[in-house]
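Student: Attaching a single structure in structure tokens format; questions to follow.
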Amino acid sequence: MNEKRRESYLTLIQSLLTCPSDEEITILQNNLELLDDGFAQYLRESATQTLAEMESEEAYNFAGNLYNFNITISSFPLGSRAANIEIAIACLEVGLIIFTREAYPKNWGYNQNSLGIKYSDRIKEDRAENIERAIACYDLALLVRTRATFPQDWADTQICLGSAYSDRIKGDRGENLERAIAFYEAALEVHTRQAFPERWAMTQNNLANAYSHRIRGDRGENIEKAIECYEAALEVRTRQALPQDWATTQNNLAAAYSNRIREDRAENIERAIKCSEAALEVYTRPALPQDWAMTQENLAYAYQEKGLIPEAIKYFKLSLEILKPDTLPLSCLKAARSLGDLALAVNLWETAILGYEKAIEAVEQSREWIASENRKREIIEENLNIYEKMIQSCINHHQYHKAIQTIERSKSRYLVELFTNSEIYPKTATATEKQQLQNLRRQIISLQQSPQQQQDNLATALQQLEQYLEIFKQREPEFKLTQKIQPIDIPEFQKTLDTETAIVEWYIGGHGGTAPTGGFAFIITHNNIELITYTTTEIAELETWKNDYLNEYRDKDKQKIWQHTLSEKLHKLSEILRVNEIVATIPNHCRQLILIPHRYLHLFPLHALPFTLEGGHGGTAPTKYLLDCFPDGVKYAPSLQLLELVQNRIKTRTSPAPELQPLFAIQNPTEDLSNADMEVQIIKQRFDTHDILIKQQATKIAFNENLKNLSNASYIHFSCHGVFNFDYPLLSLLALADSIEENNETDAESRYVTMRSGRKAIPEKCLTLREIFADLELSKCNLVTLSACETGLTSSTEMTDEYIGLPSGFLYAGSMNVVSTLWSVDDFATAILMIKFYQELLPKVSVAVALNAAQNWMRAVTKEDFGVWVKSLNLDKKSGQSVELWLVSSLEERPFSHPKYWAAFCATGY
344 MNEKRRESYL TLIQSLLTCP SDEEITILQN NLELLDDGFA QYLRESATQT
394 LAEMESEEAY NFAGNLYNFN ITISSFPLGS RAANIEIAIA CLEVGLIIFT
444 REAYPKNWGY NQNSLGIKYS DRIKEDRAEN IERAIACYDL ALLVRTRATF
494 PQDWADTQIC LGSAYSDRIK GDRGENLERA IAFYEAALEV HTRQAFPERW
544 AMTQNNLANA YSHRIRGDRG ENIEKAIECY EAALEVRTRQ ALPQDWATTQ
594 NNLAAAYSNR IREDRAENIE RAIKCSEAAL EVYTRPALPQ DWAMTQENLA
644 YAYQEKGLIP EAIKYFKLSL EILKPDTLPL SCLKAARSLG DLALAVNLWE
694 TAILGYEKAI EAVEQSREWI ASENRKREII EENLNIYEKM IQSCINHHQY
744 HKAIQTIERS KSRYLVELFT NSEIYPKTAT ATEKQQLQNL RRQIISLQQS
794 PQQQQDNLAT ALQQLEQYLE IFKQREPEFK LTQKIQPIDI PEFQKTLDTE
844 TAIVEWYIGG HGGTAPTGGF AFIITHNNIE LITYTTTEIA ELETWKNDYL
894 NEYRDKDKQK IWQHTLSEKL HKLSEILRVN EIVATIPNHC RQLILIPHRY
944 LHLFPLHALP FTLEGGHGGT APTKYLLDCF PDGVKYAPSL QLLELVQNRI
994 KTRTSPAPEL QPLFAIQNPT EDLSNADMEV QIIKQRFDTH DILIKQQATK
1044 IAFNENLKNL SNASYIHFSC HGVFNFDYPL LSLLALADSI EENNETDAES
1094 RYVTMRSGRK AIPEKCLTLR EIFADLELSK CNLVTLSACE TGLTSSTEMT
1144 DEYIGLPSGF LYAGSMNVVS TLWSVDDFAT AILMIKFYQE LLPKVSVAVA
1194 LNAAQNWMRA VTKEDFGVWV KSLNLDKKSG QSVELWLVSS LEERPFSHPK
1244 YWAAFCATGY
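Residue numbers for the sequence shown follow the numbering used here, beginning at 344 and rising by one.
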């Protein structure tokens, strides 16, 4: 923090600790902008130093002032709730320097108990760990707050421990609830109805909650005990004396009756409805909107149980008027998902779409602000099927455009979370703008976890963030895609397609560890969307095929089997995906095909799938592949949104004349690609201007020194190793010189990314995907070629629809096109295909057409014709010998006809 900020913090601290108590609130209200994590940190440092310089009596009074300020800031309704708690924790922990157990046992006990409460309420850091720290503080407090010496304090701490164990995440859930019940029952030995009626009623309510969730014992008996405790609490918590507490217990009692096993089920539901309606006498919408909304949701569940579907839907919709995705995302998610599920079950597609759409917005919001990685993972696991149900509802309602939009949202979700966590900033942002954006992000996170009174402040902060993103979008449209999920307007996008382009976008259902549930292929043209549906059986067959394919490919002992059976495997995949039917659905006049895979389909060469359709695109040849049938090329896009992004660049980007288009290349930096030198040296001949980092020259330092040349290049060629990191996608990399760790017996595994060969690459010495997204500016680049192993891979994890890979990174960084590979291709065949590709890449020929032409040439060329072609290259002696040796070793008349040599190469872009 800067010196000016520190001075402001000091002034505020001095004002708060010396002012009359009735002025504290006014001072806090006038200094809301200073109540942040920095204030908590500075308070801790300065107060610790101040105490060290004080005499004992003065220090005691100062520690007492800190304790009192902890009470004030804890109940302060404004500012960031998360920051206020951090400030309170700082006050209490500094106070313990003076309030030791030996010197001031009672004060020490109070501080420990208060610390436990603050850690129980803490928003920052890991929730599970905070609860453990709270329990530890309560246990320490009980060393002083004994039943014999301080019975009421002892009982208060028992209640706190009961609440902590009820919420505990670590340990056995059943055991935690047993301990919670024991603590509450112990508290009731002191907090009797006669002596402490309100504390007694509160403890009865808490005890009932624990019994409601109890795992051990008979479930029916547990609910009966819960009902008994709730009704006991209501003897004190009357509407007249304690109206809000009365309403809370009525709501809890409603839930207990809804879950009741004993007695008549219909009668239990009626009683639940009466309790919820009673709560609404206090929980009015103007006074307590969130409580009102939660009670409406409870009524919806009760009416759903009664089979009164219209009434249930009505109450769900009422609750969602308050439980909104942007302000109460988790509550909204639960109610909206329930509405969607109910409507889906009774075939009310429009209502199902309404519910799932709000639930999806809530998922997107909640994953953006939840700090705990474990909780984020839970949200993914719990809600993966919402997108799938939304897609199915849209299809049933014949809203294909909305179904496709949902697929795109599902893909974008992971991208946004990945970069929000990484705090990547706009490349065009100034240092001040980056700081403002960081502060705003943190403010929003705090406000979203603050009390209801902060909702207006949250709305303002969200609006400010949207304004920031719009400003950056004008300068850098790519950045907003990583910060906020932007639903794509499918009908508007269709208008941008020419009449001769078709897109096939797949969706594979049943992910997240669930059984296969079917899937879809959408055929999109400028004025139409057609649908092909895959059955559950077909997707199960696809899963089996995928597992066999990947197991053989990834197992070194089975690599030969994988190679020999690749053609057969691709025929089978074509059959499962019904490529014949897809091609028959595409209008005959379409000359260009764009493929948008989903999940693990990104891993396979869909452009090389064979089919036997007669007529139309297929003709009569039995060996037709997809890439044969579209004269303007077959290419890929990670998503429609990235495709649209690249499309829009065409409107503003001008390319220099061919002779003025420079090449930037990385050539064999690890010096183990025997034909990479031949490849780059021949390719560079077609460029008048070229900058090439050769072998050991191509270090990370040299690469960074040449960023200007890279940014000015029209063509960028990486002839090096590439690795996709499935555990940490942003650590996927292109290996540069001096980046391979030769000592493979290192203990620091986390420092490295393991390559297919087993060798380990050091990310800091490589070009990583994170750096491609965050740092590279390729605004003049037409093509990035990744002539390397597995550079086209994306994650095939079950938990997301992610499409984060090296091609996506280079498209985001500014390139119009990327050529990459799906598997480790023979080094010699790679060099030959790359050379032929650049020969085909004439001024008005697209990347996809040139690549497809090179692939078709590879499939068809004979040894004799290949020899003639090689002579035209005027190779040096070493390269010529390499060619001769390879040809001698090949027994085939058409040496490159097997798909393993040519099918791995993909063109991505527009």
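Positions of the beta carbon are idealized from the N, C-alpha and C atoms, including for glycine.
(1) For residue 1147 and residue 826, I'd like the C-alpha separation in whole angstroms.
(2) Might you give, ordered along the chain, the residues of its own chain that have their beta carbon closer than 6 Å to the beta carbon of residue 1093, omitting 5 neighbours on each side?
(3) What residues are listed by DSSP as bridge partners for residue 978?
(4) Using DSSP bridges, identify the partner residues of residue 849.
(5) Give the DSSP bridge partners of residue 1103, in chain order.
(6) Do the stretch 913–926 and the stretch 805–823 make contact, defined as three or more Cβ pairs closer than 8 Å?
(7) Count Cβ pairs between the stretch 971–980 and the stretch 998–1016 that sit closer than 8 Å; are there 3 or more?
(8) Please work out which residues of its chain come closer than 6 Å, Cβ to Cβ, to residue 1021, disregarding the five sequence neighbours upstream and downstream, and give them in chain order.
(9) What did DSSP end up calling residue 480 once you bin it into helix, strand or coil?
(10) Can you tell me whether residue 1275 is buried or exposed, with buried defined as 16 or more other CB within 10 angstroms of its CB?
(11) Is the beta carbon of residue 569 less than 9 Å from the beta carbon of residue 552?
(12) Within the chosen definition, does the stretch 1160–1170 reach the stretch 1242–1253 through at least 3 CB pairs nearer than 8 Å?
(13) Distance check for residue 1035 and residue 1199, CA to CA, integer angstroms please.
(14) By the three-class DSSP mapping on this structure, what secondary structure does residue 462 have?
(15) On the three-state DSSP scale, how would you describe residue 883?
(16) Around the C-beta of residue 864, are 16 or more other C-beta atoms found within 10 angstroms, so that it is buried, or is it exposed?
(17) Whose C-alpha, out of 1127, 519, 515 and 501, is nearest the C-alpha of residue 508?
(18) Which full runs of the alpha helix (DSSP H) of 4+ residues lie inside the stretch 618–689, going along the chain?
(19) On the DSSP bridge list, what partners appear for residue 953?
(20) Taking only the alpha-carbon atoms, compute the straight-line gap between residue 391 and residue 403 and give it to the nearest angstrom.
(21) Taking the beta carbon of residue 845 as the centre, do at least 16 other beta carbons fall within 10 Å, making it buried, or is it exposed?
(22) So, helix, strand or coil for residue 443, using DSSP?
(23) Can you tell me the Cβ-Cβ gap for residue 1076 and residue 1104, rounded? I've got them flagged as a contact below 8 Å.
(24) From residue 354 to residue 461, what does the alpha carbon distance come to, in whole angstroms?
(25) Could you give the DSSP three-state label for residue 1247: helix, strand or coil?
(26) Classify residue 533: buried if its beta carbon has 16 or more other beta carbons within 10 angstroms, exposed otherwise.
(27) What number of angstroms, rounded off, separates the C-alpha of residue 1242 from the C-alpha of residue 1155?
(28) Looking at residue 850: is its Cβ nearer than 9 Å to the Cβ of residue 734?
(29) Taking C-alpha atoms, which residue in 387, 1178 and 843 lies nearest to residue 1025?
(30) Between the C-alpha atoms of residue 1064 and residue 1131, what's the straight-line distance to the nearest angstrom?
(31) Taking the alpha carbon of residue 741 as the point to measure from, which residue in 973, 425, 657 and 871 has its own alpha carbon closest?
(32) Which ranges would you report for the alpha helix (DSSP H) in the stretch 1024–1068 if only whole runs of at least 4 residues count?
(33) Going along the chain, which residues of its own chain have a beta-carbon closer than 6 Å to the beta-carbon of residue 692, five neighbours each way excluded?
(34) Using a Cβ-Cβ cutoff of less than 6 Å, which residues in the same chain neighbour residue 944 once the five nearest sequence positions on both sides are dropped?
(35) Please return the same chain residues whose Cβ sits closer than 8 Å to the Cβ of residue 1228, not counting the five positions on each side in sequence.
(36) For residue 744, count neighbouring C-beta atoms within 10 Å of its own C-beta (all shown protein chains included) and say buried if the count is 16 or more, exposed if not.
Tutor: Once the coordinates are examined:
(1) Counted from its first residue, the sequence shown places residue 1147 at position 804. Counted from its first residue, the sequence shown places residue 826 at position 483. Those two C-alpha atoms are separated by around 15 Å.
(2) Position 750 of the sequence shown, counted from the start, is the residue given in the question as residue 1093. Below a pLDDT of 50, predicted positions are generally treated as unreliable, and residue 1093, at 49, falls in that range; the measurement from the model is reported next regardless. Taken in chain order, the list of residues that qualify is empty.
(3) The sequence position of residue 978 within the sequence shown is 635, counting from 1. Paired residues: 937.
(4) Start at 1 with the first residue of the sequence shown, and residue 849 comes out as number 506. In the DSSP output, where bridge partners are listed per residue, residue 849 has 864.
(5) Along the sequence shown, one-based indexing puts residue 1103 at 760. Paired residues: 1084 and 1097.
(6) no
(7) no
(8) Indexing the sequence shown from 1 puts residue 1021 at position 678. These residues qualify, in order along the chain: 1174 and 1222.
(9) Translated into positions along the sequence shown, residue 480 becomes position 137. In this structure, residue 480 counts as helix in the three-state DSSP scheme.
(10) Absent from the structure is residue 1275, since the part of the chain shown begins at 344 and ends at 1253.
(11) Against the sequence shown, residue 569 aligns to sequence position 226. Against the sequence shown, residue 552 aligns to sequence position 209. In this structure, residue 552 lies closer than 9 Å to residue 569 by Cβ.
(12) yes
(13) One-based indexing of the sequence shown puts residue 1199 at position 856. One-based indexing of the sequence shown puts residue 1035 at position 692. If you take the alpha carbons of residue 1199 and residue 1035, they lie about 29 Å apart.
(14) Reading the sequence shown from its first residue, position 119 is the one you call residue 462. In the structure shown, residue 462 sits in a helix (DSSP, three-state: H, G or I).
(15) Your numbering for residue 883 matches position 540 in the sequence shown. DSSP places residue 883 in helix when its eight states are reduced to three.
(16) Along the sequence shown, one-based indexing puts residue 864 at 521. Classification for residue 864: buried.
(17) Numbered from its first residue, the sequence shown carries residue 508 at position 165. When only C-alpha atoms are compared, the closest one is 519.
(18) 632–649, 652–663 and 672–688
(19) Residue 953 sits at position 610 when you count from the first residue of the sequence shown. Partner(s): 968.
(20) Counted from its first residue, the sequence shown places residue 391 at position 48. Counted from its first residue, the sequence shown places residue 403 at position 60. Looking at the two C-alpha atoms, the distance is approximately 13 Å.
(21) Position 502 of the sequence shown, counted from the first residue, corresponds to residue 845. Residue 845 should be labelled buried.
(22) Working through the sequence shown from its first residue, we reach residue 443 at position 100. Residue 443: coil per DSSP, three-state reduction.
(23) The count along the sequence shown starts at 1 and reaches residue 1076 at position 733. The count along the sequence shown starts at 1 and reaches residue 1104 at position 761. Correct: roughly 6 Å between the Cβ atoms.
(24) Looking up residue 354 in the sequence shown gives position 11. Looking up residue 461 in the sequence shown gives position 118. C-alpha separation (whole angstroms): 25 Å.
(25) Locating residue 1247 in the sequence shown gives position 904, where the first residue counts as 1. Reduced to three states, the DSSP call for residue 1247 is coil.
(26) Position 190 of the sequence shown, counted from the first residue, corresponds to residue 533. That one is buried.
(27) The residue labelled residue 1242 in the question sits at position 899 within the sequence shown. The residue labelled residue 1155 in the question sits at position 812 within the sequence shown. The straight-line gap from Cα to Cα measures roughly 30 Å.
(28) Walking along the sequence shown from the start, residue 850 turns up at place 507. Walking along the sequence shown from the start, residue 734 turns up at place 391. In this structure, residue 734 lies closer than 9 Å to residue 850 by Cβ.
(29) As a first step, residue 1025 is located in the sequence shown; it is residue number 682 there, counting from the start. The shortest Cα separation from residue 1025 among 387, 1178 and 843 belongs to 1178.
(30) Here residue 1064 is taken as the residue at index 721 of the sequence shown, counted from 1. Here residue 1131 is taken as the residue at index 788 of the sequence shown, counted from 1. Straight-line Cα distance between these residues: approximately 5 Å.
(31) As a working mapping, residue 741 is identified with position 398 in the sequence shown. Nearest of 973, 425, 657 and 871 to residue 741, Cα basis: 871.
(32) 1043–1048 and 1050–1055
(33) The sequence position of residue 692 within the sequence shown is 349, counting from 1. These residues qualify, in order along the chain: 736, 739 and 740.
(34) Locating residue 944 in the sequence shown gives position 601, counting from the first residue. If we look at residue 944 and ignore the five residues flanking it on each side, its Cβ neighbours are 849.
(35) The residue labelled residue 1228 in the question sits at position 885 within the sequence shown. Nothing meets the Cβ criterion.
(36) For the purposes of this step, residue 744 is identified with residue 401 of the sequence shown, where counting begins at 1. Residue 744 comes out buried.
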